[in-house]
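Colleague: Numbering (our numbering), first residue to last: 40 to 549.
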Amino acid sequence: MRARFYSALLTLFWLLFCGSANSYAALSVDDFQLNDIAVWFPKATKLGPTKNGPTHKIIYEQEHIVGALILSSDISPISAYSGKPISTLIGLGIDGRIAGLAIVAHEEPILVVGIEEKKLTDFVNQYVGVKSSEKIRVNASDRKGFRGVDGISGATITAMVLNRSIMLSVKKMVDALEWPPLSRPDTTIKERLPDPTLEQLWQPRLDSWHGQDLKIWSIATALFLLTLIMFFQDWLVRRPKIFTPLRYGFLTFTVVFIGYFFAAQLSIINVLAFIQTYSSGFTWETLLIDPGIFFLWSFVAISIVLWGRGVFCGWLCPFGAMQELIHEVAIRLRIPNFEFPPMVHERLWAIKYILLLLLIGISMDSFSSAAKIAEIEPFKTSLTMKFDREWPFVLYAAALLVIAAFNSKFYCKYICTLGASLSILSRFKIFDWLRRRNECGKPCQACAAKCQINAIKPTGEIISSECHYCFDCQLTYWDDHKCPPLTEKRKKRERRNEKNALKVIDISNN
Ligand code: SF4
Ligand code: SF4
Numbered sequence: 040m041r042a043r044f045y046s047a048l049l050t051l052f053w054l055l056f057c058g059s060a061n062s063y064a065a066l067s068v069d070d071f072q073l074n075d076i077a078v079w080f081p082k083a084t085k086l087g088p089t090k091n092g093p094t095h096k097i098i099y100e101q102e103h104i105v106g107a108l109i110l111s112s113d114i115s116p117i118s119a120y121s122g123k124p125i126s127t128l129i130g131l132g133i134d135g136r137i138a139g140l141a142i143v144a145h146e147e148p149i150l151v152v153g154i155e156e157k158k159l160t161d162f163v164n165q166y167v168g169v170k171s172s173e174k175i176r177v178n179a180s181d182r183k184g185f186r187g188v189d190g191i192s193g194a195t196i197t198a199m200v201l202n203r204s205i206m207l208s209v210k211k212m213v214d215a216l217e218w219p220p221l222s223r224p225d226t227t228i229k230e231r232l233p234d235p236t237l238e239q240l241w242q243p244r245l246d247s248w249h250g251q252d253l254k255i256w257s258i259a260t261a262l263f264l265l266t267l268i269m270f271f272q273d274w275l276v277r278r279p280k281i282f283t284p285l286r287y288g289f290l291t292f293t294v295v296f297i298g299y300f301f302a303a304q305l306s307i308i309n310v311l312a313f314i315q316t317y318s319s320g321f322t323w324e325t326l327l328i329d330p331g332i333f334f335l336w337s338f339v340a341i342s343i344v345l346w347g348r349g350v351f352c353g354w355l356c357p358f359g360a361m362q363e364l365i366h367e368v369a370i371r372l373r374i375p376n377f378e379f380p381p382m383v384h385e386r387l388w389a390i391k392y393i394l395l396l397l398l399i400g401i402s403m404d405s406f407s408s409a410a411k412i413a414e415i416e417p418f419k420t421s422l423t424m425k426f427d428r429e430w431p432f433v434l435y436a437a438a439l440l441v442i443a444a445f446n447s448k449f450y451c452k453y454i455c456t457l458g459a460s461l462s463i464l465s466r467f468k469i470f471d472w473l474r475r476r477n478e479c480g481k482p483c484q485a486c487a488a489k490c491q492i493n494a495i496k497p498t499g500e501i502i503s504s505e506c507h508y509c510f511d512c513q514l515t516y517w518d519d520h521k522c523p524p525l526t527e528k529r530k531k532r533e534r535r536n537e538k539n540a541l542k543v544i545d546i547s548n549n
């Protein structure tokens with residue numbers, strides 16, 4: 040039954056994908072005329088024809104060349120959050136400095152919903168006067184060898200993508216044109232560009248990692264620790280005094296650092312963007328923009344293959360961790376728990392898969408529409424924008440957190456499309472390290488009663504696509520005061536020891 044459900048999902052997935060791919064039509068520099076750049080080049084009299092190599096138009100004042108007009112998405116089409124490049128029109132002066140620039144097209148989800156257009160304009164305006172040879176650091180102050188620019192609050196990654204595509208486009212253009220002299224009629228620009236070395240290729244991609252040592256080392260250390268936890272899980276869950284503080288400490292780190300300080304919450308938007316970049320050609324640029332996102336997605340890719348989606352959902356998702364911590368506090372405050380009957384619970388599971396399919400289908404046609412529907416994810420409101428946005432969004436995110444107090448991880452179980460997408464991929468996991476006994480479910484339900492996700496069937500098997508790898512069931516499994524078959528063995532052992540002790544006393548008395 041479950042296998043049929045997944046194969047139907049995958050088929051629908053494929054049909055939606057094949058039916059709608061490649062529907063994105065990009066702008067070109069040829070779409071712009073003299074009046075579009077009148078503010079940057081007020082004395083310009085004509086735009087020259089586009090030459091070979093990087094697409095551009097030469098800007099003339101009478102017969103004198105004064106600059107070039109380029110579109111970042113033509114020259115450095117770095118996919119942003121939407122999986123599509125942000126198109127920035129750039130007027131480049133003959134001195135190699137940016138004379139003016141404007142964003143002319145984008146489908147960025149964070150900008151479609153949430154960030155005012157003015158913040159975007161303010162951000163790009165900081166690049167006026169910047170020279171192609173300068174190195175820019177977003178969200179940082181000036182430092183030796185670097186110019187600092189303010190980021191866009193709540194859209195750090197988008198700002199970094201914008202920075203990279205603007206600066207890369209400008210540099211490529213200036214190198215290609217060899218300014219001055221600006222034009223050589225019979226030489227194609229492409230022919231003059233040497234092949235980049237490995238270092239030249241990778242170094243600029245990692246420029247945005249400068250000054251992010253704390254983030255890099257914290258997340259790398261946390262992921263290493265989590266790998267150790269996974270490998271030594273049996274040893275740890277037999278020692279709840281070590282495991283329990285370790286787990287809640289880790290969840291707190293996930294909320295505070297990964298979620299709030301580093302803004303590295305993964306999102307369904309990333310998944311939709313991956314699908315988009317798959318159809319338009321994968322590039323490393325986007326994935327490498329933020330080290331936190333890069334490390335987390337790399338770890339998720341590996342851990343899904345090894346253990347399933349649970350390692351991310353149970354340990355690394357800030358919103359998931361927030362819900363779990365709230366539920367834990369609610370338990371301690373003796374707030375009553377509410378669970379749906381099993382029949383209803385299983386049917387509610389389907390909601391997240393249906394939402395996921397809808398999102399994928401819509402994103403193929405219009406990413407900005409999908410981005411609006413993806414607001415069903417409360418991550419942006421609660422973590423990226425720290426509840427600083429319009430009240431309906433705040434109310435929705437806050438309500439989900441309140442519900443989590445009564446019904447553990449309600450959002451994860453029934454609504455989360457990111458969890459649904461990871462859950463589908465979990466079908467291909469290699470290892471099954473969560474232990475079960477013959478008595479599990481037949482008739483014992485002790486572990487099932489402990490599972491806050493309700494991911495254990497009444498028959499005792501763990502539903503691995505839903506499991507969050509929290510190890511609650513494993514703590515019971517190894518506890519000879521909670522697991523009935525183990526308790527039985529312990530009692531027998533104790534009775535035997537008592538008998539033996541009595542025998543010894545008898546013998547010594549005799
Ligand atoms: S189901 Fe969604 S919200 Fe819950 S832990 Fe997984 S990704 Fe996070
Ligand atoms: S209690 Fe066990 S089955 Fe349930 S989510 Fe945690 S690890 Fe998975």
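Even glycine gets a Cβ: it sits at the ideal position worked out from N, Cα and C.
Starting from I546, trace the alpha helix (DSSP H) in both directions and tell me its first and last residue.
Modeller: Unbroken alpha helix (DSSP H) run through I546: 523-548.
Colleague: Nearer than 6 angstroms: is that true of the beta carbon of H384 relative to any heavy atom of ligand 2?
Modeller: Result no, Cβ not under 6 angstroms from ligand 2.
Colleague: Could you check if G184 is buried or exposed, using at least 16 other CB atoms within 10 Å of its CB as the buried criterion?
Modeller: Answer is exposed; the Cβ neighbour count stays below 16.
Colleague: Please specify which runs of the beta strand (DSSP E), each continuous and at least 3 residues long, are wholly inside the region 146-183, giving them in chain order.
Modeller: Within the region 146-183, the complete beta strand (DSSP E) runs of at least 3 residues are 175-177.
Colleague: Identify which residue in A360, S118, V209 has its Cα closest to the Cα of T197.
Modeller: Comparing Cα positions, the closest option is S118.
Colleague: Do F445 and F377 come within 7 angstroms of each other at the CB atom, strictly closer than that value?
Modeller: Going by C-beta atoms, F377 is nearer than 7 angstroms to F445.
Colleague: Under 6 angstroms: does the beta carbon of C352 sit that close to some heavy atom of ligand 2?
Modeller: No, the beta carbon of C352 sits no closer than 6 angstroms to any heavy atom of ligand 2.
Colleague: Measure the alpha-carbon distance for P220 versus I104 and round it to whole angstroms.
Modeller: Its pLDDT being 48, under 50, P220 is placed unreliably by the model, and the measurement read from it follows with that caveat. Going by the C-alpha atoms only, they are around 10 angstroms apart.
Colleague: Return the first residue and the last residue of the beta strand (DSSP E) that V188 is part of.
Modeller: Here the beta strand (DSSP E) through V188 covers 186-188.
Colleague: Do the region 381-400 and the region 320-334 meet, that is, are 3 or more Cβ pairs less than 8 angstroms apart?
Modeller: No, the region 381-400 does not touch the region 320-334.
Colleague: Tell me whether the region 362-372 and the region 69-85 touch, counting them as touching only if at least three CB pairs, one residue from each stretch, are closer than 8 angstroms.
Modeller: At 8 angstroms Cβ cutoff, the stretches do not touch.
Colleague: Give me the Cα-Cα distance between M424 and E217, rounded to the nearest whole angstrom.
Modeller: C-alpha separation (whole angstroms): 43 angstroms.
Colleague: I'd like to know whether the C-beta atoms of I109 and I129 end up nearer to each other than 7 angstroms.
Modeller: Against a cut-off of 7 angstroms, the Cβ pair of I129 and I109 comes out as a contact.
Colleague: Which one or two residues does DSSP pair with R142 in a beta bridge?
Modeller: Looking at the sequence provided, one finds Ile at residue 142 rather than Arg. The partner list for I142 (beta bridge, DSSP) reads T127.
Colleague: Measuring straight from C-alpha to C-alpha, what distance separates T94 and I341?
Modeller: So the alpha carbons of these two residues sit roughly 39 angstroms apart.
Colleague: To the nearest whole angstrom, what separates the beta carbons of L461 and I343, a pair I think is in contact under 8 angstroms?
Modeller: Confirmed, about 6 angstroms.
Colleague: Mark H507 as exposed unless 16 or more other C-beta atoms lie within 10 angstroms of its C-beta, in which case mark it buried.
Modeller: It counts as buried.
Colleague: Going by the DSSP bridge assignment, what does E100 pair with across the sheet?
Modeller: Looking at the DSSP assignment, E100 forms a beta bridge with H103.
Colleague: Whole-angstrom Cβ separation of L290 and I281, contact assumed at under 8 angstroms?
Modeller: At roughly 15 angstroms, the Cβ-Cβ gap does not stay under 8 angstroms, so L290 and I281 are not in contact.
Colleague: Closest by CA to E414, which one among R373, V383, L457?
Modeller: Among R373, V383, L457, the Cα nearest to that of E414 belongs to L457.
Colleague: If you drop the 5 nearest sequence neighbours on each side, which residues of the same chain put their C-beta closer than 6 angstroms to that of C512?
Modeller: C486, K489, C490, listed in sequence order.
Colleague: Nearer than 6 angstroms: is that true of the beta carbon of G298 relative to any heavy atom of ligand 1?
Modeller: G298 Cβ: outside cutoff for every heavy atom of ligand 1.
Colleague: Using 8 angstroms for Cβ pairs, my map puts V163 next to L131. What's the rounded Cβ distance?
Modeller: At roughly 14 angstroms, the Cβ-Cβ gap does not stay under 8 angstroms, so V163 and L131 are not in contact.
Colleague: Rounded to the nearest angstrom, what separates G288 and V295 at their Cα positions?
Modeller: Distance between the alpha carbons of G288 and V295 is about 11 angstroms.
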